[in-house]
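The sequence shown begins at 1 in UniProt numbering and counts up by one. We treat Cβ as the ideally placed atom computed from N, Cα and C, and that holds for glycine. Working notes, beginning with the structure itself.
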Amino acid sequence: MRDTGSVVGAMSVLLILYDLMLAKDPNWVLVPFQIILALIAVGAWSYFSYRSQEKRKLQEQRKAEAAERRAAKKKKLAEEGAKQAAQTRARNVARNQQHQQHRHD
1 MRDTGSVVGA MSVLLILYDL MLAKDPNWVL VPFQIILALI AVGAWSYFSY
51 RSQEKRKLQE QRKAEAAERR AAKKKKLAEE GAKQAAQTRA RNVARNQQHQ
101 QHRHD
């Protein structure tokens, strides 16, 4: 709201300066309406800009959360794979030792 007021204030000053210095026959009755119209236009623009930024932040947050979930799932799968590989290695070592004992007997 403060930014909207600043922008409209600056626009109003420029409008009044233009009417004072450059306009040949300024219509001073329209100045308040022009200021109100500028306030509405800039306020609407600020509102939709803010909404757009909030949507973008929410999308970025969702993307980050999805990336964290994917990373956690990938890590879990890697840990499960490593655990399964260790079990398979242990079985193979035990089997190989049994085969070697049978050969030497």
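Item	Value
Taking the beta carbon of VAL13 as the centre, do at least 16 other beta carbons fall within 10 Å, making it buried, or is it exposed?	exposed
What does the Cβ neighbour count give for VAL93, buried or exposed, with the cut at 16 atoms within 10 Å?	exposed
List the whole-angstrom C-beta distance separating ILE35 from VAL8, where the pair is believed to meet the contact cut-off of C-beta under 8 Å.	7 Å
Measure how close the beta-carbons of ALA38 and MET11 come, nearest whole angstrom, since I'm counting them as under 8 Å.	5 Å
Can you grab the Cα-Cα spacing for the pair ALA82 / ALA67, in whole Å?	22 Å
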